[in-house]
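Peer 1: Have a look at the structure that comes next, please.
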Amino acid sequence: MSVWLPTAPCTPADCASPRWPTVRRSTAVLRLAAGTAAVLAGVVLAPVAVPLGPAGRARLAALWCRTVMRAFGVRIRVTGAVPGERVPGRPGPGTLVVPNHISWLDIPLVASVLPGRMLAKREVRRWPVLGPLARFGGTLFVDRDRLRELPAVVGAMAGVLRRGSRVVVFPEGSTWCGRERGRFRYAAFQAALDAGAVVQPVHIAYRPVGAAAFVGDDALGASLWRVATAAGLTAEITVLPPIPAAAHADRRSLARAAQRALGRAAVPGATAVPHRRPGGPRTIPAQTIVDRDSANLPSASVHHSVSFIPAAASSERTPS
Numbered sequence: 025m026s027v028w029l030p031t032a033p034c035t036p037a038d039c040a041s042p043r044w045p046t047v048r049r050s051t052a053v054l055r056l057a058a059g060t061a062a063v064l065a066g067v068v069l070a071p072v073a074v075p076l077g078p079a080g081r082a083r084l085a086a087l088w089c090r091t092v093m094r095a096f097g098v099r100i101r102v103t104g105a106v107p108g109e110r111v112p113g114r115p116g117p118g119t120l121v122v123p124n125h126i127s128w129l130d131i132p133l134v135a136s137v138l139p140g141r142m143l144a145k146r147e148v149r150r151w152p153v154l155g156p157l158a159r160f161g162g163t164l165f166v167d168r169d170r171l172r173e174l175p176a177v178v179g180a181m182a183g184v185l186r187r188g189s190r191v192v193v194f195p196e197g198s199t200w201c202g203r204e205r206g207r208f209r210y211a212a213f214q215a216a217l218d219a220g221a222v223v224q225p226v227h228i229a230y231r232p233v234g235a236a237a238f239v240g241d242d243a244l245g246a247s248l249w250r251v252a253t254a255a256g257l258t259a260e261i262t263v264l265p266p267i268p269a270a271a272h273a274d275r276r277s278l279a280r281a282a283q284r285a286l287g288r289a290a291v292p293g294a295t296a297v298p299h300r301r302p303g304g305p306r307t308i309p310a311q312t313i314v315d316r317d318s319a320n321l322p323s324a325s326v327h328h329s330v331s332f333i334p335a336a337a338s339s340e341r342t343p344s
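The opening position of the sequence shown corresponds to residue 25 in the working numbering, with each subsequent residue numbered one higher.
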């Protein structure tokens, strides 16, 4: 157990017990097979995507992640103004994307809308299938048990942001069921301050609530089966107004501002927000911090952010 790994009170029994309509067993088995095939296809796509350039890789990553979600039977609803992809290396601030964290589905969900480089634990490098995908996706790796690496990890994130790229971090540091949320950890926000970046809060929710939750001592196989068997599972992602890091004096203030924004987005009965993409506007109904600096970096365990996105938007590669 990492000395800086936060835990949530959520458990599968309390938060993820099936209380929703389900599909036939045969349909669930087909979804699992299709989802597995889609993930394995990423192994083939990753090396092919290398010569496409940053913009091409970003588009391919988003398409692949949407395919993975659809294969598992998950519909995506996007609310809010989705910023256009910048070309890394050109003048302009990068973006630190900070979603709340509920499920392993969060990773392809966010990448389908805002592809970028993610933070993952070091062990992911050696995982079969997902390890190669994470490396091709430019994942930033962190050793959760070596606190002295914290400044270097923050520095690497700041370097990516200075080059105008996106970095995706789940600052709660652990998954929560969606009914409750964890306090944001601050270190990632220092990278945004150092780089003069923009912080992009993103609110995630799943309907029915609990169907996609991956919490506590939940097994990945059990979570996969719940997702595959859920009828009408919808992933709702709300892109909130960006927060300029320079408008805040320190990382604590910046982190709290981002967390307040997510808290407001989670209030039931929120009004509809226009969703703007190239091609015209449309409106979708909106859905209803460890304090010590030494324990302040969002980490990635089985229930933490793991980037298996082939060819994310950045043209850079993390040194081994």
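Glycine included, each C-beta is placed from N, C-alpha and C at the ideal position.
Hey, quick one: how far does the alpha helix (DSSP H) through residue 126 stretch, first residue to last?
Peer 2: Run containing residue 126: none; DSSP gives neither H nor E here.
Peer 1: How would you label residue 247, buried or exposed, when you count the other beta carbons within 10 angstroms and need 16 or more for buried?
Peer 2: Buried, since its Cβ has 16 or more Cβ neighbours within 10 Å.
Peer 1: Pairing CB atoms from the stretch 267-279 with CB atoms from the stretch 207-224, are three or more of them under 8 Å?
Peer 2: Touching, per the Cβ criterion.
Peer 1: Give the DSSP-derived three-state secondary structure of residue 308 in the structure shown.
Peer 2: For residue 308, the pLDDT reaches just 32, beneath the cut-off of 50, and the residue's location in the model is therefore unreliable, although a value from the coordinates is still provided. In the structure shown, residue 308 sits in a strand (DSSP, three-state: E or B).
Peer 1: Who are the Cβ neighbours of residue 182 in its own chain at under 6 Å, not counting the five residues just before and after it?
Peer 2: Here the set comprises 215, 218 and 219.
Peer 1: Which first and last residues belong to the alpha helix (DSSP H) in which residue 165 is found?
Peer 2: Note, residue 165: premise wrong, no alpha helix (DSSP H); beta strand (DSSP E) at 164-166.
Peer 1: Indicate whether residue 45 and residue 93 have their beta-carbon atoms separated by less than 8 Å.
Peer 2: Cβ atoms of residue 45 and residue 93: not closer than 8 Å.
Peer 1: Following the continuous beta strand (DSSP E) through residue 266, name the residue where it begins and the one where it ends.
Peer 2: Careful: residue 266 lies outside any beta strand (DSSP E) and carries neither H nor E.
Peer 1: Contact check, residue 208 vs residue 128 under 8 Å by CB: the rounded distance?
Peer 2: Wrong, their Cβ atoms sit about 20 Å apart, outside the cutoff.
Peer 1: Give the DSSP bridge partners of residue 224, in chain order.
Peer 2: Answer is 121, bridged to residue 224.
Peer 1: Any idea what DSSP makes of residue 255, helix, strand or coil?
Peer 2: Of the three classes helix, strand and coil, the one that applies to residue 255 here is coil, per DSSP.
Peer 1: Alpha carbon to alpha carbon, what distance is there between residue 281 and residue 57?
Peer 2: Near 41 Å, if we compare the C-alpha coordinates of residue 281 and residue 57.
Peer 1: So, do the stretch 161-168 and the stretch 131-148 have three or more beta carbon pairs nearer to each other than 8 Å?
Peer 2: A contact exists between the stretch 161-168 and the stretch 131-148.
Peer 1: Can you tell me whether residue 298 is buried or exposed, with buried defined as 16 or more other CB within 10 angstroms of its CB?
Peer 2: With a pLDDT of 36 at residue 298, under the threshold of 50, the modelled position of this residue cannot be trusted; read the value that follows with caution. Classification for residue 298: exposed.
Peer 1: Which residues in the same chain as residue 61 place their Cβ atom closer than 8 Å to its Cβ, once the five residues preceding and following it in sequence are excluded?
Peer 2: Contacts found: 95.
Peer 1: So is residue 153 buried or exposed if we call it buried at 16+ other beta carbons inside 10 Å?
Peer 2: Exposed, by the Cβ-count rule.
Peer 1: What number of angstroms, rounded off, separates the C-alpha of residue 72 from the C-alpha of residue 59?
Peer 2: When rounded, the distance between both Cα atoms is 20 Å.
Peer 1: What is the C-beta distance between residue 97 and residue 55, in whole angstroms, given that I count them as a contact (C-beta under 8 Å)?
Peer 2: With a Cβ gap of about 5 Å, residue 97 and residue 55 count as contacting.
Peer 1: Tell me, which residues are paired with residue 199 by DSSP?
Peer 2: Bridge partners of residue 199: none, in fact.
Peer 1: Tell me whether residue 105 sits in a helix, a strand or coil according to DSSP, three-state version.
Peer 2: Residue state, collapsed to three classes: strand.
Peer 1: Taking the C-alpha atoms as reference points, what is the distance between residue 135 and residue 256?
Peer 2: If you take the alpha carbons of residue 135 and residue 256, they lie about 21 Å apart.
Peer 1: Name the one or two DSSP bridge partners that residue 100 has.
Peer 2: For residue 100, which the question treats as bridged, DSSP gives the partners 259.
Peer 1: Are residue 51 and residue 125 closer than 8 Å when you measure CB to CB?
Peer 2: Cβ distance not < 8 Å, so residue 51 and residue 125 don't count as in contact.
Peer 1: CB residue 104 to CB residue 263, shorter than 8 Å?
Peer 2: Cβ distance < 8 Å, so residue 104 and residue 263 count as in contact.
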